[in-house]
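Protein chains in written order, with the numbering used here: chain A, 1 to 220; chain B, 221 to 841.
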């Protein structure tokens with residue numbers, strides 16, 4: 001009985017604490033996935049890129065770029081520039097790639113540009129390989145940009161929420177490449193810029209309210 | 221773990237010196253432990269703790285400042301800061317302020333230090349950077365009498381108002397007057413689909429409606445000033461000031477390239493921005509009602525000049541600002557003279573020669589001026605103008621612009637002439653091929669009108685140019701005098717220093733450097749079809765008319781900028797130490813790199829002298 005109450009109290013304290021913490025007290029994993037199409041039911045992951053944010057700065061050493069062996073490059077080769085020979089040479093098993101990712105995701109907030117698609121693919125993959133239950137907190141830089149535009153009552157035109165267009169608004173450099181890693185880095189930079197524009201003392205809590213959520217990746 | 225290949229990071233590092241010169245392996249090595257941060261415009265970075273390391277700007281711009289706010293350096297994409305904090309724990313407590321939103325790479329301190337010792341060229345590069353900043357730092361600390369609030373080098377974007385009060389051309393003046401009153405502004409922008417098409421100010425409403433008994437129902441389109449003077453957001457505060465004072469306007473709409481209006485800059489914005497500014501100074505000049513009070517105001521003149529120098533304004537721009545101030549001072553003195561002596565019996569122009577005409581004045585410039593009269597005066601009228609000229613010249617002297625030792629002043633009866641009179645003088649100079657006649661006359665060929673109708677002077681200049689074109693002998697003679705003095709580049713590549721007098725072993729930057737360039741530019745300028753007064757403008761015109769190669773002209777302009785910068789700096793230091801301006805430089809105080817640069821500058825002058833000799837003296841020497 002007492003144990004249970006103590007447990008609840010501890011949980012409550014933790015939550016209070018996490019609400020007060022500024023954003024840079026947390027670590028983030030910024031992810032981009034290249035896929036063979038837009039439907040998680042039919043299409044599959046071609047490559048995964050990520051980079052971590054630690055103490056408010058992007059840690060370039062943490063950058064990873066994984067190309068999956070199951071990927072059939074096919075007609076999308078023009079977009080993500082991964083060829084069949086790349087896959088043969090560097091291709092990793094999807095399952096081991098996902099376990100590797102899961103290891104890095106632990107204790108970090110997942111960040112993506114346009115989360116529903118990425119999370120859809122992750123959920124599908126989790127089911128496919130029957131990976132252990134995994135709860136995550138995520139942020140979406142696209143949603144963040146939308147929420148900010150709505151607050152400022154500045155209508156943004158169609159296409160204005162694409163990664164490159166968002167970056168332009170913060171004077172970020174124009175990146176030519178569009179592989180998963182470059183896009184992950186580009187998203188990470190965008191997040192830093194968006195947070196910088198939030199002003200001092202921005203908390204993860206504020207960001208979550210604007211453009212975040214919790215998801216559960218489950219084996220079935 | 222070593223940093224893996226991130227294509228966009230490598231793409232940038234591969235082309236950025238000195239990283240570009242590292243081997244591929246070394247480049248990977250230096251990238252280990254690199255972090256990226258984003259800094260908002262206006263944010264300050266203290267180089268302490270984890271941040272006490274080298275940073276490389278990927279995109280953006282920053283200012284390096286002393287703890288007291290003095291400007292040390294401005295850097296942008298591809299440049300580094302935090303160098304001294306790696307090499308010596310940032311002993312000077314420098315701060316870095318983002319001037320634009322900036323994306324910055326932060327190197328790992330240990331890895332960076334290792335590379336500094338591992339690769340000699342790499343280490344040397346940063347030692348140079350550090351040395352360079354140190355020198356700039358000591359300079360900015362020397363000049364702390366200048367207010368740090370004065371930042372003419374910031375762009376207008378930072379101080380303009382973004383809340384725009386706008387109107388349609390089809391509205392009535394009453395509705396816009398109400399809107400202006402409500403918003404408490406003195407001007408309104410007339411736009412059409414976000415594009416600026418006009419402006420209406422309080423003054424327009426007064427003079428174009430009220431004073432004429434116009435109707436409150438008149439349309440905006442009828443009273444607005446169409447195609448108003450504008451600036452782009454990247455223009456400097458200094459440019460805005462000069463433009464406002466020259467055009468006598470108090471409102472400057474700020475527009476982007478497609479004429480889309482994004483802000484408004486008023487004289488009040490500028491005044492709020494600075495304490496002692498040229499604009500404020502000019503406003504004060506126009507409010508004074510006696511020579512005594514003008515002289516009192518002008519005691520700030522040296523401080524103003526030193527302020528301009530401290531803000532790292534380009535020497536050419538400083539010259540322009542100073543010329544604008546002295547033009548206004550001259551005008552005010554003439555107005556006061558007219559008040560005291562009564563209206564002039566005929567139209568007249570007040571002409572300036574030499575440095576004021578070229579707009580390259582500096583501390584301690586003296587006056588060179590004259591009068592142009594509408595017709596031959598009778599005895600009484602002649603006396604009137606003698607009084608007027610005396611009043612102005614003595615007034616200028618009291619205000620700190622020295623009397624001309626060569627007596628080239630309006631107060632000298634010899635330099636008060638009708639247009640025809642001036643024309644005869646110029647013709648005589650141009651026709652007589654005697655170099656002695658030209659030696660002292662050359663500054664007359666730099667001329668500008670600061671008071672009165674400009675038209676007669678333009679006729680005079682046109683006639684003068686025609687006369688020059690007819691007399692190739694004149695240009696040859698002018699060339700001979702222009703190249704008679706050589707830059708002080710001795711046979712033994714050492715300085716030929718003034719060998720006697722007060723300035724023994726010092727270099728006269730004005731007479732041994734700048735004057736030579738001014739002479740060359742005048743020579744080219746006079747052979748052009750279009751007349752220009754300024755040295756840089758003359759060279760640019762000569763490029764346009766294909767009289768000089770782009771390279772040669774640009775080299776000479778750089779040389780001029782360099783010497784002008786050195787002169788202004790020498791003068792301001794000398795002024796602060798002794799209260800007098802001196803353009804002498806002790807070469808011992810220069811670093812070896814600067815000495816080398818100065819020698820290059822002199823050899824450029826030498827080269828252009830030879831080019832000019834080829835061009836203008838062929839067949840005459």
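Where a beta carbon is used, it is the ideal one built from N, C-alpha and C, also for glycine.
Residue i classed as buried or exposed, judged by whether at least 16 other C-beta atoms fall within 10 angstroms
i, result
"residue 52 (chain A)", "buried"
"residue 5 (chain A)", "exposed"
"residue 366 (chain B)", "Confidence at residue 366 (chain B) is low in this model, with a pLDDT of 38, below 50, so the placement of that residue should be treated as unreliable; the coordinate-derived value is given next. When all chains shown are included, residue 366 (chain B) counts as buried."
"residue 562 (chain B)", "exposed"
"residue 712 (chain B)", "Its pLDDT being 35, under 50, residue 712 (chain B) is placed unreliably by the model, and nothing is read from it."
"residue 237 (chain B)", "exposed"
"residue 775 (chain B)", "buried"
"residue 264 (chain B)", "exposed"
"residue 183 (chain A)", "buried"
"residue 856 (chain B)", "An answer regarding residue 856 (chain B) cannot be provided, because it is not within the stretch 221 to 841 covered by chain B."
"residue 133 (chain A)", "exposed"
"residue 283 (chain B)", "buried"
"residue 403 (chain B)", "exposed"
"residue 32 (chain A)", "buried"
Rounded straight-line distance, which links the Cα of residue j to that of residue i
i, j, result
"residue 362 (chain B)", "residue 450 (chain B)", "Note on residue 362 (chain B): pLDDT 45, under 50, position unreliable in the model; no value is reported."
"residue 190 (chain A)", "residue 279 (chain B)", "13 Å"
"residue 598 (chain B)", "residue 665 (chain B)", "28 Å"
"residue 545 (chain B)", "residue 332 (chain B)", "50 Å"
"residue 726 (chain B)", "residue 800 (chain B)", "16 Å"
"residue 207 (chain A)", "residue 197 (chain A)", "12 Å"
"residue 205 (chain B)", "residue 821 (chain B)", "Residue 205 (chain B) falls outside the range modelled here, since chain B spans only 221 to 841, and no answer is possible."
"residue 834 (chain B)", "residue 802 (chain B)", "35 Å"
"residue 475 (chain B)", "residue 460 (chain B)", "13 Å"
"residue 120 (chain A)", "residue 215 (chain A)", "10 Å"
"residue 20 (chain A)", "residue 517 (chain B)", "57 Å"
"residue 210 (chain A)", "residue 112 (chain A)", "14 Å"
"residue 668 (chain B)", "residue 441 (chain B)", "37 Å"
"residue 626 (chain B)", "residue 572 (chain B)", "14 Å"
"residue 395 (chain B)", "residue 453 (chain B)", "29 Å"
"residue 369 (chain B)", "residue 636 (chain B)", "Any reading at residue 369 (chain B) needs caution, since the residue's pLDDT is 40, under 50, leaving its predicted position unreliable; the model's value is listed next. Each residue's alpha carbon lies about 45 Å from the other."
"residue 604 (chain B)", "residue 661 (chain B)", "27 Å"
Assigned secondary structure, residue i (DSSP; H/G/I helix, E/B strand, else coil)
i, result
"residue 624 (chain B)", "coil"
"residue 804 (chain B)", "strand"
"residue 455 (chain B)", "coil"
"residue 757 (chain B)", "helix"
"residue 321 (chain B)", "coil"
"residue 706 (chain B)", "coil"
"residue 666 (chain B)", "coil"
"residue 26 (chain A)", "coil"
"residue 195 (chain A)", "helix"
"residue 472 (chain B)", "strand"
"residue 221 (chain B)", "With a pLDDT of 38 at residue 221 (chain B), under the threshold of 50, the modelled position of that residue is not reliable, and the figure given next carries that caveat. If DSSP states are grouped into helix, strand and coil, residue 221 (chain B) belongs with coil."
"residue 244 (chain B)", "helix"
"residue 637 (chain B)", "strand"
Sequence-distant residues of its chain with Cβ nearer than 8 Å to residue i (five each side left out)
i, result
"residue 241 (chain B)", "341, 342"
"residue 613 (chain B)", "587, 589, 623, 629, 630, 631"
"residue 38 (chain A)", "117"
"residue 168 (chain A)", "174"
"residue 770 (chain B)", "763"
"residue 375 (chain B)", "453, 454, 455, 456, 457"
Contacts around residue i, its chain only, beta-carbon distance under 6 Å, and the 5 residues preceding and following it disregarded
i, result
"residue 611 (chain B)", "557"
"residue 536 (chain B)", "756"
"residue 849 (chain B)", "Lying outside 221 to 841, the shown extent of chain B, residue 849 (chain B) is not represented and no answer is given."
Chain-order list of residues whose beta-carbon lies under 7 Å from that of residue i (same chain, five-residue window excluded)
i, result
"residue 201 (chain A)", "22"
"residue 114 (chain A)", "140, 142"
"residue 254 (chain B)", "223, 325, 326, 327, 328"
Subject >> the segment 310-329 of chain B: positions lying closer than 7 Å to chain A by Cβ >> reply: 320, 321, 323, 326
Subject >> chain A contacts from the segment 237-260 of chain B (Cβ-Cβ distance under 8 Å) >> reply: 251, 252, 253, 254, 255, 256, 257, 258, 259, 260
**OP:** May I ask you to list, following chain order, the residues of the segment 281-301 of chain B that have a beta carbon less than 7 Å from some beta carbon of chain A?
**Re:** none
Original post:
Any residues in the segment 171-189 of chain A with a beta carbon nearer than 9 Å to a beta carbon of chain B? Which ones, in chain order?
Top reply: Within the segment 171-189 of chain A, the qualifying residues are 171, 172, 173, 175, 176, 177, 179, 181, 182, 185, 186, 188, 189.
**OP:** Give, in chain order, every residue of the segment 21-37 of chain A whose Cβ lies closer than 7 Å to some Cβ of chain B.
**Re:** Answer set for the segment 21-37 of chain A: empty.
**OP:** Residues of the segment 443-454 of chain B with a CB closer than 9 Å to any CB of chain A: list them in chain order, please.
**Re:** none
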